[in-house]
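**Student:** Heads up: the sequence shown runs through residues 1 to 267, numbered per UniProt numbering. To start, I am sharing the structure in question, which I have written as structure tokens.
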Amino acid sequence: MAPAQTCEGIPNFNLPSFCSPWKTPQPETPSTSHYHLPALSPVASQIQSSAFRSISAHVLANLINTLSHEEFTAKYCLVDCRYPYEYCGGHIKHATNLFDPEEINQMFYPDDEEEAFKMRQKIPIFYCEFSQKRGPQMGHKLREIDRMRNEHSYPQVDFPEIYLLDRGYSNFFSQCGSPVLCQPMEYVKMLDKRHRANLHHFSFHHSRSSIYRSSSHGDSRRDMKRRRASGSSESSQDSATTPVGRARILYRETKNAKIARKLFYVS
């Protein structure tokens with residue numbers, strides 16, 4: 001009988017565990033057993049996290065192309081985490097705009113129990129421009145809230161599956177962009193010069209860490225200037241007590257005197 005084939009195409013000879021070259025498979029944990037979409041491996045994905053899995057642009061495009069609007073929105077909740085001017089400039093079909101992490105609780109846990117039940121049946125998919133900061137931040141925020149609400153029934157969660165669109169709208173637009181998948185068929189960057197004023201309205205765009213780094217760098221620069229100033233004053237005071245210092249002072253005074261004679265000499 002021919003050996004069975006594994007999903008990687010490697011023959012499985014059902015060797016005993018003590019002579020198998022592979023590690024004995026570990027039982028699936030709740031964090032990994034519920035994911036049904038083909039996710040990218042940790043090596044291939046841009047962001048590695050235990051809170052969610054990353055999917056490629058082609059996986060999401062295939063979902064949108066094969067499901068009707070009603071089917072997609074009943075099973076998935078596609079969240080565009082970019083700012084409104086980016087979203088209005090062009091977003092993925094079926095996407096809802098949510099850019100403030102503080103509003104994620106209201107979206108996924110509405111007060112109306114019927115709406116909350118419907119939302120718990122959906123699978124969240126987050127993305128931003130590159131899915132490097134805003135998208136992952138939303139995914140982590142939802143998982144944090146989910147864990148807190150279910151802290152007494154661990155490892156149960158309301159959203160066992162959370163996905164991140166790998167490399168974000170930028171890559172999706174490049175790889176799969178079409179008038180059907182992108183509405184409108186445009187791509188407005190976060191740093192678009194036309195929307196510079198709009199960007200300044202979002203005060204939480206700059207993280208506390210960046211503010212801390214800039215302030216600490218400013219403090220260090222000021223301290224360095226103070227040290228240099230105090231050092232220069234000390235050196236000027238001490239220079240007159242050394243032969244070299246006295247020679248330098250005499251040279252400067254002589255040079256200044258010559259310059260003065262040239263400027264004010266009357267023939």
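Glycine residues also receive a C-beta, built at the ideal position from the N, C-alpha and C atoms.
#1: Could you tell me whether the Cβ atoms of I55 and H94 are closer together than 8 Å?
#2: For Q132, which residues in the same chain have their Cβ closer than 8 Å to its Cβ, ignoring the five residues on either side in sequence?
#3: Go through its chain and collect everything with a Cβ distance to N150's Cβ below 8 Å, but skip five positions before and after it.
#4: Take L78 and list the residues in its own chain whose beta-carbon comes closer than 6 Å to its own, dropping the five residues that flank it on each side.
#5: Between the C-alpha atoms of A116 and K122, what's the straight-line distance to the nearest angstrom?
#6: In chain order, what are the residue ranges of uninterrupted beta strand (DSSP E) at least 3 long that sit wholly in the stretch 145 to 183?
#7: Classify M138: buried if its beta carbon has 16 or more other beta carbons within 10 angstroms, exposed otherwise.
#8: When the distance is taken between beta carbons, is I92 closer than 8 Å to L37?
#9: If you draw a straight line from the alpha carbon of L191 to that of F202, how long is it in whole angstroms?
#10: Helix, strand or coil for F108? Go by DSSP, reduced to three states.
#11: Just to check my reading of the structure: Y163 and F72 have Cβ atoms closer than 8 Å, yes? What is that Cβ distance to the nearest angstrom?
#12: So the candidates are E161, S170 and A39; which of them puts its Cα closest to the Cα of D80?
#13: Just the Cα atoms here: how many angstroms apart are A197 and V188?
#14: Using DSSP with H/G/I as helix, E/B as strand and the rest coil, what is R196?
#15: Could you give the distance in angstroms between the alpha-carbon of Q175 and the alpha-carbon of A61?
#16: Please list, in chain order, all residues of the same chain as L40 whose beta carbon is under 8 Å from its beta carbon, the five residues on each side excluded.
#17: Mark K193 as exposed unless 16 or more other C-beta atoms lie within 10 angstroms of its C-beta, in which case mark it buried.
#18: Tell me which residue opens and which closes the alpha helix (DSSP H) that R120 is part of.
#19: Spatial neighbours of residue 314 within its chain, please: CB distance less than 6 Å, with the 5 preceding and 5 following residues excluded, ordered by chain position.
#20: Compare the C-alpha of F108 against each of Y127, F130, H34 and K141 and name the closest.
#21: Mind pulling the alpha helix (DSSP H) runs of 4 or more residues that sit fully within the stretch 61 to 108?
#22: Taking the C-alpha atoms as reference points, what is the distance between H69 and H152?
#23: Around the Cβ of C128, are there at least 16 other Cβ atoms within 10 angstroms (buried) or fewer (exposed)?
#24: Determine the DSSP secondary structure at P124, reduced to helix, strand or coil.
#25: State buried or exposed for D120, treating a residue as buried only when at least 16 other CB atoms are found within 10 Å of its CB.
**Tutor:** So, to answer that:
#1: Residue numbering aside, residue 55 sits at position 55 when the sequence shown is read from its first letter. Residue numbering aside, residue 94 sits at position 94 when the sequence shown is read from its first letter. In this structure, H94 does not lie closer than 8 Å to I55 by Cβ.
#2: Here residue 132 corresponds to residue number 132 of the sequence shown, with the count starting at 1. Only Q46, I47 and G168 meet the Cβ criterion.
#3: Counting from one through the sequence shown, the residue named residue 150 turns up at place 150. Cβ within range, chain order: Q156, V157 and D158.
#4: As a position in the sequence shown, residue 78 is number 78, starting the count at 1. Counting only Cβ-Cβ distances below 6 Å, and skipping sequence neighbours, we find H94, A95 and I125.
#5: By 1-based counting over the sequence shown, the position of residue 116 is 116. By 1-based counting over the sequence shown, the position of residue 122 is 122. Approximately 10 Å between the Cα atoms of the pair.
#6: 163 to 165
#7: Here residue 138 refers to the residue found at position 138 of the sequence shown. By the 10 Å Cβ count, M138 comes out buried.
#8: Residue mapping note: residue 37 aligns to position 37 of the sequence shown, counting from 1. Residue mapping note: residue 92 aligns to position 92 of the sequence shown, counting from 1. Against a cut-off of 8 Å, the Cβ pair of I92 and L37 comes out as no contact.
#9: As a position in the sequence shown, residue 191 is number 191, starting the count at 1. As a position in the sequence shown, residue 202 is number 202, starting the count at 1. Cα to Cα, the separation comes out at about 13 Å.
#10: Position 108 of the sequence shown, counted from the start, is the residue given in the question as residue 108. Helix, per DSSP.
#11: Translated into positions along the sequence shown, residue 163 becomes position 163. Translated into positions along the sequence shown, residue 72 becomes position 72. The Cβ separation is near 13 Å, so there is no contact.
#12: Indexing the sequence shown from 1 puts residue 80 at position 80. Selected option, being the one with the closest Cα: S170.
#13: Taking the sequence shown and counting its residues from 1, one reaches residue 197 at position 197. Taking the sequence shown and counting its residues from 1, one reaches residue 188 at position 188. Each residue's Cα considered, the two are about 14 Å apart.
#14: Position 196 of the sequence shown, counted from the first residue, corresponds to residue 196. Correct three-state label for R196: helix.
#15: Position 175 of the sequence shown holds residue 175. Position 61 of the sequence shown holds residue 61. Going by the C-alpha atoms only, they are around 10 Å apart.
#16: Here the question's residue 40 lines up with position 40 in the sequence shown. Here the set comprises R53, S54, I55, S56 and D166.
#17: By 1-based counting over the sequence shown, the position of residue 193 is 193. Exposed.
#18: Working through the sequence shown from its first residue, we reach residue 120 at position 120. First-last of the alpha helix (DSSP H) with R120: E113 to R120.
#19: No answer is possible for residue 314: it lies beyond the span of the chain, which begins at 1 and ends at 267.
#20: Counting from one through the sequence shown, the residue named residue 108 turns up at place 108. Closest option to F108, Cα to Cα, is K141.
#21: 69 to 75, 84 to 89 and 104 to 108
#22: In the sequence shown, residue 69 corresponds to position 69, counting from 1. In the sequence shown, residue 152 corresponds to position 152, counting from 1. The alpha-carbon atoms of H69 and H152 are separated by roughly 36 Å.
#23: The residue given as residue 128 occupies position 128 in the sequence shown. By the neighbour-count rule (16 or more Cβ atoms within 10 Å), C128 is buried.
#24: The residue labelled residue 124 in the question sits at position 124 within the sequence shown. Note: P124 maps to strand in three-state DSSP.
#25: Within the sequence shown, numbered from 1, the residue matching residue 120 stands at position 120. The sequence shown places Arg at residue 120, rather than the Asp named in the question. Answer is exposed; the Cβ neighbour count stays below 16.
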